[in-house]
Amino acid sequence: MIAGGSLLATGCVGVEPAARESPSDAPPRSFDFTDHSAALEADRTVKSACQFCNSLCGLTVSLKSGRIVAITGEKDD
């Protein structure tokens, strides 16, 4: 209870005053945390083949600590 009233009655629990204002028409800022991330730099690549159809197109699978971080198709296949 705040000054005889409920904090929940304000509708803005834990919100800064600027956040209570009406939203602007500007698009929200976004951040790409995967761009040039060291966590996504492969430490090993493995050649494989796509199993979707009978063509068995070549794939290059990039791994980081044993986990797949990228799959790319072979250009000449």
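So the sequence shown is numbered by this note's numbering: it starts at 2 and just counts up by one.
Every residue, glycine too, gets a C-beta built ideally from N, C-alpha and C.
Indicate whether the contact test is met: 3 or more Cβ pairs, each with one atom in the region 31 to 42 and one in the region 50 to 61, closer than 8 Å. The answer is no - the region 50 to 61 does not touch the region 31 to 42, with fewer than three Cβ pairs under 8 Å.
Could you tell me which residues DSSP puts in a beta bridge with S31? Its beta-bridge partners do not exist; DSSP assigns none.
Tell me which residues share the same chain as S31 and place their Cβ nearer than 8 Å to its Cβ, disregarding the 5 neighbours each side in the sequence. Around S31, the same chain offers no residue with a beta carbon nearer than 8 Å, after the five sequence neighbours per side are excluded.
Are the C-beta of G67 and some C-beta of chain D separated by less than 8 Å? As a matter of chain content, chain D is missing from the structure shown, which is built from one protein chain.
How many Å lie between A39 and S25 at the Cα? Cα to Cα, the separation comes out at about 35 Å.
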